[in-house]
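Colleague: First to last, the sequence lines map onto chains A and B. Reading the first sequence from the start, the letters are residues 379 to 773 in our numbering. Reading the second sequence from the start, the letters are residues 3 to 229 in our numbering. Positions of the beta carbon are idealized from the N, C-alpha and C atoms, including for glycine.
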Amino acid sequence: MQAIPGHLRLATADLRRRPLRTSLCVLGVALSTTLLLGTVCLHSGYVHALDSTIERMGYQVLVTAKGCPYEAASLVMRGGSIPMYIDETTFDTILQDPDVQEATRLFMQGMEAGDANRLMVFMGVDDHFRKLKPWMTLQRGDWFSAGESQGEAILGYNAANTLGLNIGDHLPVGPTHRPVAIRGVFDRSGTQDDGMIFLPLTFAQELFDRQGKLTGVGVRLKSLDKVQPFLEKIFALPSVQAVTMTQFRSTVVEFVATSRILLLLSALVASLIGALGVLNAMTMSVSERLREFGVMKAVGASGRDLFGLTLLETGCLGFLGAVLGILMTSVGGWLFEAALRRIVPFVPPGRLVAIDATSVAGALIAALLLALLAGVYPASRAARVRPAVILRQTA
Amino acid sequence: MPPVVETQRLTKSYPLAAETVEALKGISLSVQAGEMVALVGSSGSGKTTLLNLLGCLDRPTDGVIRLGGAEVQNLPERELADVRRKQIGFVFQDSALIPTLTVLENVGLPLTFGAGPLSQADIPARMLEMVGLPDKAKRYPAQLSGGERQRVAIARALVHRPALILADEPTGNLDSDNGRKIFALLRELVAKHRLCALVATHNEELSGLADRKIHLRDGVLVNGAGG
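1) Which first and last residues belong to the beta strand (DSSP E) in which Ile29(B) is found?
2) To the nearest angstrom, how far is it from the Cα of Arg561(A) to the Cα of Ala582(A)?
3) Could you check how far apart the C-beta atoms of Ala139(B) and Leu130(B) are, in whole angstroms? I think they sit under 8 Å.
4) So if DSSP puts Glu66(B) in a beta bridge, which residue, or which two residues, is it bridged to?
5) With contact counted as at least three CB pairs below 8 Å, one residue from each stretch, are the region 673 to 689 of chain A and the region 419 to 432 of chain A in contact?
6) Tell me Ser15(B)'s beta-bridge partners as DSSP assigns them.
7) Can you determine whether any heavy atom of the ligand GTP sits closer than 6 Å to the C-beta of Thr569(A), and answer yes or no?
8) Are there 16 or more other CB atoms within 10 angstroms of the CB of Glu37(B), so buried, or fewer, so exposed?
9) Please list, in chain order, all residues of the same chain as Ala538(A) whose beta carbon is under 7 Å from its beta carbon, the five residues on each side excluded.
10) Give the range of the alpha helix (DSSP H) segment to which Ile472(A) is assigned.
11) Quick one: does Ser680(A) have its CB under 7 Å from some CB of chain B?
12) How long is the line joining the alpha carbons of Val85(B) and Asn108(B), rounded to whole angstroms?
13) For the beta strand (DSSP E) that Leu218(B) lies in, which residues bound it at each end?
14) Would you mind working out which of Arg219(B), Ala144(B) and Gly57(B) sits nearest Leu769(A), comparing C-alpha positions?
15) Take the Cβ of Lys444(A) as the centre, count every other Cβ of all protein chains shown within 10 Å, and call the residue buried at 16 or more, exposed below.
16) With a cut-off of 7 Å, does the C-beta of Glu433(A) fall near any C-beta of chain B?
17) Helix, strand or coil, according to DSSP, for Gln528(A) in the structure here?
18) Can you tell me whether Leu698(A) is buried or exposed? The criterion is at least 16 other CB atoms within 10 Å of its CB, across all chains shown.
19) If you measure between the beta carbons of Gly652(A) and Val763(A), is that distance less than 7 Å?
20) Going by the CB atoms, is the gap between Val93(B) and Ile29(B) shorter than 7 Å?
21) For Thr390(A), name the three-state secondary structure that DSSP assigns.
22) What residue from Ala752(A), Lys675(A), Phe576(A) and Ala716(A) has the CA that sits closest to Pro726(A)'s CA?
23) Is the Cβ-Cβ distance between Val621(A) and Tyr424(A) less than 7 Å?
24) Give me the chain B residues within the contact set of Glu666(A), using Cβ-Cβ distance strictly less than 7 Å, ordered along the chain.
25) Can you check whether the CB of Thr688(A) is closer than 7 Å to the CB of Pro756(A)?
26) Exposed or buried, Val597(A), counting other C-beta atoms within 10 Å across all chains shown (16 or more means buried)?
27) With which residues is Gln487(A) paired in a DSSP beta bridge?
28) So, using beta-carbon positions, are Glu670(A) and Ile100(B) closer together than 7 Å?
29) Along the chain, where does the alpha helix (DSSP H) containing Asn536(A) start, and where does it finish?
30) My understanding is that Ala676(A) touches Leu55(B), with C-beta atoms under 8 Å, so please give their C-beta distance in whole angstroms.
31) Taking only beta-carbon atoms, is Thr9(B) less than 7 Å away from chain A?
32) May I ask you to report which of helix, strand or coil DSSP gives Cys403(A)?
33) When burial is assigned at 16 or more other CB atoms within 10 Å of the CB, is Val23(B) buried or exposed?
34) Within the chosen definition, does the region 497 to 509 of chain A reach the region 621 to 630 of chain A through at least 3 CB pairs nearer than 8 Å?
35) By the 7 Å beta-carbon criterion, what residues does the region 159 to 175 of chain B contribute toward chain A?
36) Could you spell out the range, first to last residue, of the beta strand (DSSP E) harbouring Leu440(A)?
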């Protein structure tokens, strides 16, 4: 046992004396830290996940039917039914453009799985798809056997696991529940493609009775300098429009940034409330211990000693709150992501609340600074104790 | 050898409502090393005020205080704290132990604030042994009797080997038997370590155990100034 109590021992001894008050105070700091850290990490995680998804799309421009291009882009990225179609001849026009390096026809349809409220997303693709996404390699099985009209399917990595299907198994697809044979399973790509069921394009069009129609065309240009002239050419075509992935990214990031400002404001208010909690708890604590501070002065403590001791106590509250807040962000981040995926129309795959060392250090320092700032008044009150007056009043 | 503590024409007045109360009126006294002095007087006679001034917890309105020959009444607050931590040990009526610290930690508390060398961490335990409580080191103040708490307070007052012990009614909360024991313990330690002690008490019987009595009445020294 330590015979001479250190300053940390003195500071924490009082925190243990009032466990409920200390816990509530720490919880207040933890909640504000959670909100602050969560907001910062959500933004960076979301943007990172979005960038990663866009990069793995394989094309820079998406051509769709006239309507809201951003809605179409988000539907393509997350998977779902696009209710508007373009003629397949548009694809031939695009492919002949000298600025186009590669393009792929996209035909996407979603329908509820028969056994649950789960959405099965079908993507009709052709050989161009593999050229645009060379990283989409087959984990097992083969590419479609003969052209684009056969009743075959290749499953994304997650779809294969979810459906529990393997090569040679049959899966009923489309409104008529036509059985198709599983031809292959893709490797994990870390994108929405992992959850899709790929069908030969022509077969998919027939299945959903949309022969000669596409939901979009993904275009990779020879150079990014060609984007603007290409867009102008597309806008000259009837009934189609184009959106670049860069435009889509900017729009989403702008939206996220606006939400982030609101969240940051909430986090700042929460931090202020947390700091007021520390101020209140420490002011009460110092008021209750004026006699103890008087005694400490009598046995040799200077005003500076008591100031430092009280500030150390608030620092401990800030530190404990920050550590708890960081833990809460780590655990709560998963729950928050799950909720977000249910509510928000487009959420990229991957971790959205990406906690990194810099953000953790920042949250720790912010919580400590706030707690210390809140501790200045009670600390100066403790330092100003006049032992003769206090000991006489409380004798 | 200068007296351990010496005062000249010490005066202390307090503002009280519209009036000014003179708690001490020109007190001059001196106490030598190895001397235990009982400060006797009724409630309100100025005993505690005098102890607070001698202990550098308060400043006089007028007059001189010398500790070990050096004047202290005009020292800045930081130096007064230094004087307190190096030269003075306090024993309060209610022992004034810190409830969240163990008995041993309470005894070692002055050393936390630099009153003595941290390297001698065994001193608090030796002090507890000296006051007869070696087996209570890990207890908390609430687990001790009143007499035991006062022994711990005495050990704390002595842990940094001060020259001057100031005890304000140290037996005031104890029964007569325990009061006698505490007073006798203080007497024994003062003699053994050649300390100088001023013990405020209104118990005439106990004051008889001191080397000398100083009587205070209405802030005035009636007799026993010494020197």
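Modeller: Walking through what the data contain:
1) Glu21 to Val33
2) 15 Å
3) 6 Å
4) For the sequence presented, residue 66(B) should be read as Val rather than Glu. According to DSSP, which records beta bridges pairwise, Val66(B) is partnered with Gln10(B).
5) no
6) Glu24(B)
7) Because no ligand of any kind appears in the structure shown, any question about the ligand GTP cannot be addressed here.
8) buried
9) Val563
10) Thr467 to Gln474
11) yes
12) 20 Å
13) Arg214 to Arg219
14) Gly57(B)
15) exposed
16) no
17) coil
18) buried
19) no
20) no
21) helix
22) Ala716(A)
23) no
24) Simply none; closest approach about 11 Å.
25) yes
26) buried
27) Phe500(A)
28) yes
29) Tyr535 to Leu541
30) Actually they do not touch by this definition, with Cβ atoms about 13 Å apart.
31) no
32) helix
33) exposed
34) no
35) none
36) Val439 to Ala443
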